[in-house]
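My numbering puts the first residue of the sequence shown at 220, with every later residue one more than the last.
Think of the CB as a built atom: it goes at the ideal place given N, C-alpha and C, for glycine as much as any other residue.
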Amino acid sequence: MSNKENKDKNFDTKLAAEEELDSKTALEEFEKSEEESKKKAEEKKKSEKTEDEKSDKKDKKSETSEDKKSDKKKDKKPEKETDPVKAEKKAAKKSRRELKARAFRRGWFSVALVAFFLAAVILVNLIASTLVDKIPALVIDTSGSDNFELTEDTLDYLPTLKDDIEIIVLSDEKDFKEGGEYFVQANTLFHEYENKSDKITLKYVDLTSNPTFVSSYPDESLSAYNIIVKSDKGYKYITQQDYLDVQMDYNSYQYYIAGSKVEEAVTSAILNVTLDEKPKVTFISDINDYDYKSFKTLLDNNGFETEEVSPAMNSIPEDTEILVLYTPNADLDSSYVDTISEFLDNDGEYGRELLYVPSEKFPELPNIDSLLEEWGMSVEKGYAFENDTNYMGMVSYNVYLYITQYSNTTYTANMKNSSLPFCVLEGYSMPVNILDEENVSSLFTLSDQSQVVYRVESSDEPEYEDSPNLVLGAVSTKGSESSSDADTDNSKSSNVVVIGSSVALSETFLSSSSYGNSSYIVSMLNTLIDRENVGVTIESKSLESEELGITTAQIRVLSVIFVLVIPLAVLITGIVIFIKRRNM
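The structure is reproduced here in structure tokens:
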């Protein structure tokens with residue numbers, strides 16, 4: 220064998236040995252690697268098991284902490300799971316934890332939001348209540364009928380005040396408001412007066428705590444809940460009967476409050492304590508078919524001083540400017556009729572007025588009729604009847620009122636609203652005949668379809684006589700104004716006014732803002748005596764159909780509802796929703 224062949228053989232043998240050695244080494248390394256892989260897998264399983272146990276413990280301690288941990292794990296790349304079943308269980312558990320964490324966060328957020336909202340509502344209510352107590356001007360009338368607000372007549376009058384006025388309520392303010400809804404309304408209006416005029420101040424005086432206050436008014440029997448309106452010129456004492464419309468329920472024979480006359484009473488009191496002079500109106504008493512109390516009250520409330528005199532005295536107070544003869548049921552003595560004529564003549568100075576309202580019972584009054592004829596008028600012994608339905612309104616079943624038309628604008632010029640008609644009642648109105656057309660003028664009439672109805676004793680059927688434009692009110696004038704010197708500055712006249720309807724001056728028609736009766740009468744009398752129309756006519760306000768105020772008992776009930784019941788209901792609802800979401 221050559222050397223070359225030996226070398227090749229040795230090389231092959233060596234190569235085979237090396238390959239065998241490499242194979243053994245590779246096998247050993249592979250086996251070692253397999254062992255290490257198994258060992259790592261076992262360690263990994265143990266690690267995962269330990270981690271799951273730790274995770275469960277942490278879940279029990281704090282779901283919030285686990286939520287953060289789960290959020291961090293979401294960012295990590297999931298490791299390869301060797302066991303599919305365990306991996307699926309692990310994923311489901313992780314998903315449940317995430318859902319619980321999210322529900323927990325949403326639940327607490329809802330609770331926090333509800334709590335914040337309730338706190339805000341309570342805070343706003345407290346602030347609003349405090350502001351309203353401190354600043355009554357912030358009160359808003361939501362009654363729909365302005366029962367908590369002053370009327371336009373009062374608002375127009377208050378800026379003209381020149382004297383300082385003090386409204387004194389004889390009660391503690393809190394106790395006064397606890398009297399009921401009408402007292403709540405009255406209290407609000409008192410503050411309205413103070414807010415609308417810097418000349419008016421409001422004061423509450425508790426007579427129990429200030430017993431010496433009574434000594435300042437020795438002529439009055441002061442009682443709680445009454446009112447004093449005071450100025451430097453005098454004062455006006457207003458009782459509950461003056462500022463509340465108290466009526467009787469004839470079914471139970473108990474009295475009840477039917478309306479509020481607070482504004483009427485207080486505004487008229489302010490007017491009366493600020494006037495330098497008040498014209499006197501004297502009523503002839505003792506011979507009247509009907510009560511004139513409402514008419515007298517209207518004059519008292521509009522800056523007139525009223526007085527009564529019996530015809531038996533055969534005299535008229537010297538300072539009387541207006542004399543009223545209201546529904547006489549008996550004739551006056553001829554001597555007293557002469558006294559009235561002398562009163563009107565006033566020694567040739569004139570400047571005096573007589574208002575005559577006849578009774579629809581048609582008593583025999585020859586002396587009074589004679590006086591009227593001297594002034595160019597007479598009262599028809601029949602009833603006015605209206606046929607034009609455009610000038611009629613139903614008061615009750617088969618009872619109608621008649622809407623008259625003004626025929627003399629002289630006496631409507633000072634009315635706040637001259638479009639409001641002077642109304643009379645069917646069966647209670649008598650026509651006024653004008654005998655002297657030169658010195659007598661019509662005040663208001665019916666339509667051109669009016670008639671006079673006469674009662675015939677021998678027949679049950681009345682007689683009707685057509686009489687277009689029946690006159691129901693007229694005025695006769697005598698004096699310098701009816702003569703050639705009427706344009707001089709010193710011209711004066713005396714007037715006799717006849718109104719053929721007593722019901723037109725009753726409380727029903729004088730107290731309603733739907734009719735112009737009260738406004739017209741005040742305007743007419745002011746015009747007759749050449750006085751600026753300072754009067755205000757305000758109707759009674761009823762709270763029967765509106766809830767305009769709340770008493771202390773109502774405040775307590777509403778407080779429980781809004782402070783406890785509603786917040787607790789909202790809170791319980793929130794907790795229930797939170798628990799349901801947490802268990803999802």
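Taking residue i and residue j to be in contact with their CB atoms under 8 Å, please state how far apart those CB atoms are, rounded to whole angstroms.
i	j	result
L620	E645	7 Å
K480	Y462	5 Å
T501	I535	6 Å
G735	M634	7 Å
I653	G595	7 Å
K415	L369	7 Å
P640	D667	In fact, because the Cβ distance is near 16 Å, the residues do not count as touching under 8 Å.
A488	V448	4 Å
N658	K697	7 Å
N520	S554	Not quite, the Cβ-Cβ distance comes to about 34 Å (not below 8 Å), so this is no contact.
V643	V722	7 Å
I740	L724	7 Å
D588	S597	7 Å
D451	D382	6 Å
N445	Q404	At roughly 16 Å, the Cβ-Cβ gap does not stay under 8 Å, so N445 and Q404 are not in contact.
S471	E726	Their Cβ separation, rounded to whole angstroms, is 22 Å, which puts S471 and E726 out of contact at 8 Å.
If we count the other Cβ atoms within 10 Å of its Cβ and call it buried at 16 or more, is residue i buried or exposed?
i	result
V465	exposed
T664	buried
I341	exposed
E540	buried
S434	exposed
K293	Model confidence at K293 stands at a pLDDT of 46, short of 50, so the residue's coordinates are unreliable; what they give is reported in the following sentence. Exposed, because fewer than 16 other Cβ atoms sit within 10 Å of the Cβ of K293.
E766	The predicted position of E766 is uncertain, since its pLDDT is 40 and thus under 50; no value can be drawn from it.
P303	exposed
I622	buried
S442	exposed
T628	exposed
D704	Because D704 sits at a pLDDT of 42, beneath the cut-off of 50, its placement in the model cannot be relied upon, and the following sentence gives the value as read from the coordinates. Label assigned to D704: exposed.
F562	buried
P498	buried
K296	Any answer about K296 is weak, because its pLDDT of 47 lies below 50 and its placement is not dependable; what the coordinates show is given next. With fewer than 16 Cβ atoms within 10 Å of its Cβ, K296 is classed as exposed.
D706	Residue placement at D706 cannot be trusted, given a pLDDT of 45 that sits under 50; the coordinates are not used to answer.
K515	buried
Y887	Past the boundaries of the shown model lies residue 887; the chain is included only from 220 to 803, so the question cannot be answered.
L345	exposed
L783	exposed
F781	exposed
M743	buried
E483	buried
Y210	The chain is shown only over 220 to 803; residue 210 falls outside these bounds and no answer can be derived.
K799	exposed
L777	exposed
Y812	Missing from the structure shown is residue 812; the chain here goes from 220 to 803 and no further.
Look up residue i in the DSSP assignment and give the residues it is bridged to.
i	result
I791	Answer is none; I791 lacks a bridge partner.
Q466	Y475
M613	Y619
T373	BP columns for T373 are empty, so no partner.
A693	S661, V717
F604	Q670
G595	Paired residue(s): none; G595 is not in a bridge.
E682	Y673
V576	Y545
V333	DSSP lists no partner for V333.
I346	Answer is none; I346 lacks a bridge partner.
Y734	DSSP, once it has assigned bridges, lists no residue as partnering Y734.
V388	Y423, I446
S626	Its beta-bridge partners do not exist; DSSP assigns none.
S725	Partner(s): none; S725 has no beta bridge.
S712	G698
Comparing the C-beta of residue i with each C-beta of chain D, is any distance below 8 Å?
i	result
D425	Given the protein chain composition of this structure (a single chain), no chain D is represented.
Which runs of the alpha helix (DSSP H) at least 4 residues long sit entirely within the stretch 642 to 672? Give them in chain order. none
If you pair each beta-carbon of the stretch 655 to 671 with each one of the stretch 600 to 615, do three or more pairs fall below 8 Å? yes
At 3 residues or longer, and completely inside the stretch 487 to 571: list those beta strand (DSSP E) runs for me, N to C. 499 to 503, 524 to 528, 539 to 545
Stretch pair the stretch 686 to 696 + the stretch 713 to 732: three plus CB contacts closer than 8 Å: yes
Decide if the stretch 389 to 405 is in contact with the stretch 421 to 437; the criterion is three or more beta carbon pairs, one per stretch, under 8 Å apart. yes
Stretch-stretch touch, CB-based, cutoff 8 Å, three pairs: the stretch 582 to 596 with the stretch 544 to 561: yes
Going along the chain, which unbroken runs of the alpha helix (DSSP H) with 4 or more residues stay wholly within the stretch 391 to 471? 392 to 396, 400 to 415, 459 to 462
Would the stretch 374 to 388 count as touching the stretch 403 to 414 if we require 3 or more Cβ pairs under 8 Å? yes
Taking three-plus beta-carbon pairs below 8 Å as touching, is the stretch 331 to 341 in contact with the stretch 788 to 795? yes
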